[in-house]
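Protein chains in written order, with the working numbering: chain P, 59 to 417; chain V, 59 to 417.
There are 2 protein chains.
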Amino acid sequence: MDKDTFVVIMAGGVGSRFWPASRNSQPKQFLDILGVGKSLIQMTYERSLNIVPASNIFVITNANYVDQVAEHLPELPAENIISEPARKNTGPCVAYISFHIQAICSNAMILLLPSDHMISNEMVFVRSLAKAIQFIDAEGGIMTLGMQAHHANTGYGYIQTGPQIEGKNIYKVATFKEKPDAQTAQEYIDSGDFVWNAGIFLFKAGDILHQFSVFAPEIYQTLYGENIYGSPEEEAFINERYPQVTSISIDYAIMEKSSNIYCMPMDIGWSDLGTWKSLFELQAKDEDEIVTNVKPENYYIEGATGLLLQLPKGKKAVISGVDNLLIVDTNDVLMIWPKDREQEIKQVKDEVASNWNLE
Amino acid sequence: MDKDTFVVIMAGGVGSRFWPASRNSQPKQFLDILGVGKSLIQMTYERSLNIVPASNIFVITNANYVDQVAEHLPELPAENIISEPARKNTGPCVAYISFHIQAICSNAMILLLPSDHMISNEMVFVRSLAKAIQFIDAEGGIMTLGMQAHHANTGYGYIQTGPQIEGKNIYKVATFKEKPDAQTAQEYIDSGDFVWNAGIFLFKAGDILHQFSVFAPEIYQTLYGENIYGSPEEEAFINERYPQVTSISIDYAIMEKSSNIYCMPMDIGWSDLGTWKSLFELQAKDEDEIVTNVKPENYYIEGATGLLLQLPKGKKAVISGVDNLLIVDTNDVLMIWPKDREQEIKQVKDEVASNWNLE
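Pasting the structure below:
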């Protein structure tokens, strides 16, 4: 790829739906939730190395997580970890990192990646991306990567595609849709016009900043600084200004307002790994439907089916006589909960996590 | 009590039925299996302090557990921890400790206590014991404490009582019976002549050693040493001789053969805490039948009943949708197993524990 291409990994989320495995102090991106020996952010980083060298990878994260990012990505240059002094959602985050990178490279192309998603087919991802970069480099605007919708998922946002760009697997975006109810989701699927919004965006720094100046001028003006970015003053400037901006997602701030947005549909085995159940459904299962991060030689399970079992590294399990459960053992809490009632976990967490110091 | 009275706590057992909580390296007596903040051996030691001062309490245990005993009982004089250089069951153990204590006090009265049992009503225990000591001091022989049998338990040995000693709650022992089958156990209960054998015995050191010389002469002769016990030569002597003796229980070696054995029945809320299920049945339960060593503020359990939940100290639990399970979490293994199939656990242990280094 071109030396002007940068990957920005957004790693400020708290992933509260994976409680009790995820915590404020250790959100989902730092967990080896797939049991592959790597955290999600490590997998995202390695994926990014297929696109650009380490020097062109930036991670933007909450100030609290800077040290954890550095631990997980020891080969990432320290100056490529960008700290947000406050939680302001993805809108201000994108504006900040775009100012920062533009100061390094005035013609920068930025690929924005969530840090905690899964992509099984990385070859297709990288190949498609090359075409998307070529297109945006020539045409400008913002490219969204649209994930082929395999079922009527109510946990994802959707993108409705409009007219196709002639001769290319690229469409103008008609509309962005919030998470739908089940019936609406089914209508989306049946229409054939909708893809899942993966939150993966591609744009030139200059273009997106222009969009901010038009559609989110308050963010633009608050974070704009003449000769600030890349200078020794940047940190103090951001520490003062960033907490002042409105908290808003990049989708609300820009994507849903701008007319210059494209979508490239692809089928790359993507999941946002949004819930325990999505993790269970996604993973390869044996005949007993046991999905676990435990190595087979480390568990003895008989007469038990439909389990999602997550244990601390090296821990053994002996299980029988239970079905369709989430069994999540961290070192400080054991959760055993019916898989089809996982939506209740958030409520339980709200009730107990604060008292237990396990938020 | 008299300065000639000694309590001997036998703490060499491995308690394998409480796997995975109990291990060879940390058997049951060192666990806080009742969730009271004290290990079973600590509870037994404190119970013994109601009978004699610390100087008159001895713990005899396998060489491997000497350090653990010292950790659990920091106030016990170090010289009162007696080490068995080999596992030889309770027969040789009693002979050895009797020789040892007789050298300290030629007229010693010894109360032999297992280290890992539960006694709820300690007042009755201590009061009854005073009478038993008085009787054996006057009459000689061996007193067994018989536990009132509340149900046809097939996990206990039984004692059939013979003629009553006039004016006393003391009987001659007719026979000792091994663990019976269910029908036989019921016949025992129905007859009214049987009590549970708790393995708690009272005798003068000189008397029991005489019994050894008659009924187990090989043990007596191998362990007999003129002026050895209490001398600097004792340790080397025992290290040489002890491994040579036959492994046999005190019940087989002496109790079932001697005719001079008495039984004092009592009802003191005793249990040998032999299995997870016995622990469950013994403990106070709330309406959901949750028995746990976890403090109520540290668990959130709803829509779940009949659980025996054992977690490491300080660990929290969130549980729903499961019934009648043993849930045992140590830091290195999680076991979830149907309570009414606990007898299978030994088999599973045999299959996995060695590979997992969790024996």
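Idealized CB from N, CA, C, for every residue including glycine. Model, not experiment: these values are computed from the prediction.
Spell out the partners DSSP gives residue i in its beta bridges.
| i | result |
| --- | --- |
| L331 (chain P) | Answer is none; L331 (chain P) lacks a bridge partner. |
| F261 (chain P) | P:I168 and P:I200 |
| V376 (chain V) | P:M393 and V:Y358 |
| L365 (chain P) | P:I348 |
| T388 (chain P) | DSSP lists no partner for T388 (chain P). |
| S381 (chain V) | The amino acid occupying residue 381 (chain V) in the given sequence is Asp; Ser does not appear at that position. DSSP lists V:T363 as partners of D381 (chain V). |
Would residue i count as contacting chain V if we go by Cβ distances under 8 Å?
| i | result |
| --- | --- |
| I91 (chain P) | no |
| E409 (chain P) | yes |
| R399 (chain P) | yes |
| V349 (chain P) | no |
| L340 (chain P) | no |
| L369 (chain P) | yes |
| L170 (chain P) | no |
| Y358 (chain P) | yes |
| L337 (chain P) | no |
| D195 (chain P) | no |
| D60 (chain P) | no |
By Cβ distance below 6 Å, which residues in the same chain neighbour residue i in space, the five residues on each side in sequence not counted?
| i | result |
| --- | --- |
| A153 (chain P) | F270, I277 and L281 |
| Q100 (chain V) | H130 |
| G372 (chain P) | none |
| I286 (chain P) | E292 and F295 |
| Q87 (chain V) | A69, L98, I99, S173 and D174 |
| A411 (chain P) | E417 |
| K407 (chain P) | W77 |
| G198 (chain P) | D265 |
| S141 (chain P) | A121 and V124 |
| A263 (chain V) | S156, I159, Q160, A166 and I168 |
| G283 (chain V) | F295 |
| N114 (chain V) | F64 |
| G93 (chain P) | N351 |
| F183 (chain V) | I177 and I326 |
Any Cβ of chain P within less than 8 Å of the Cβ of residue i?
| i | result |
| --- | --- |
| W328 (chain V) | no |
| A79 (chain V) | no |
| S378 (chain V) | yes |
| W414 (chain V) | yes |
| K404 (chain V) | no |
| K373 (chain V) | yes |
| G396 (chain V) | It is Pro, not Gly, that sits at residue 396 (chain V) in the sequence shown. Interface residue, yes. |
| D346 (chain V) | no |
| M393 (chain V) | yes |
| D325 (chain V) | no |
| D390 (chain V) | yes |
| D387 (chain V) | yes |
Rounded to whole angstroms, how far is the Cβ of residue i from the Cβ of residue j, which I believe are closer than 8 Å?
| i | j | result |
| --- | --- | --- |
| L169 (chain P) | V65 (chain P) | 5 Å |
| G215 (chain V) | G332 (chain V) | With a Cβ gap of about 11 Å, G215 (chain V) and G332 (chain V) do not count as contacting. |
| V231 (chain V) | I319 (chain V) | 4 Å |
| S378 (chain P) | G361 (chain P) | 5 Å |
| T102 (chain P) | I67 (chain P) | 5 Å |
| A190 (chain P) | Y246 (chain P) | Incorrect: roughly 23 Å between the Cβ atoms, too far for contact. |
| K256 (chain V) | W334 (chain V) | The question names Lys, but residue 256 (chain V) in the sequence shown is Ala. In fact, because the Cβ distance is near 20 Å, the residues do not count as touching under 8 Å. |
| L340 (chain V) | I258 (chain V) | The pair is not a contact, with the Cβ atoms about 18 Å apart (cut-off 8 Å). |
| I403 (chain V) | I394 (chain V) | I403 (chain V) to I394 (chain V), Cβ: 11 Å. No contact. |
| P143 (chain P) | N382 (chain P) | That belief does not hold up - the Cβ atoms of P143 (chain P) and N382 (chain P) are roughly 43 Å apart, past 8 Å. |
| Y357 (chain P) | A342 (chain P) | So it is not a contact: roughly 16 Å between Cβ atoms. |
Suppose the cutoff is 8 Å on Cβ atoms and the five residues either side in sequence are ignored; what does the same chain contact list for residue i look like?
| i | result |
| --- | --- |
| A128 (chain P) | L134, A136 and I139 |
| T219 (chain P) | G204, Y229, K230, V231, A232, D251, F252, V253, C321 and P323 |
| V391 (chain P) | P78, W414 and L416 |
| A54 (chain V) | Summary: the structure shown does not reach residue 54 (chain V), with chain V confined to residues 59 through 417, and so no result is reported for it. |
| S80 (chain V) | V72, G73, S74, K86 and L89 |
Can you find the residues in the same chain that come closer than 7 Å, C-beta to C-beta, to residue i, ignoring five residues on each side of it along the sequence?
| i | result |
| --- | --- |
| D195 (chain V) | M167 |
| S316 (chain P) | I200, Q269 and F273 |
| S307 (chain P) | N147, T148 and G149 |
| D62 (chain P) | C163, N165, A166 and M167 |
- Message: Suppose only complete runs of 3+ residues qualify. What are the beta strand (DSSP E) ranges in the region 176-221 of chain V, listed by chain order?
- Response: Listed in chain order, they are 200-206.
- Task: For the region 224-276 of chain V, list the alpha helix (DSSP H) runs that are entirely contained and at least 4 residues long, ordered along the chain.
- Result: For the region 224-276 of chain V, the continuous alpha helix (DSSP H) assignments of 4+ residues that do not extend past its boundaries occur at 240-249 and 263-273, in sequence order.
- Message: My parser needs the alpha helix (DSSP H) runs of 4 or more residues fully inside the region 93-144 of chain P; what are they?
- Response: Complete alpha helix (DSSP H) runs here, min 4: 98-107 and 124-130.
- Which whole runs of the beta strand (DSSP E) in the region 286-335 of chain V are 3 residues long or more, in chain order? The beta strand (DSSP E) runs lying completely inside the region 286-335 of chain V and spanning 3 residues or more are 319-324, given in chain order.
- What runs of the alpha helix (DSSP H), each 4 residues or longer, lie entirely inside the region 63-90 of chain V? The qualifying runs do not exist here; there are none.
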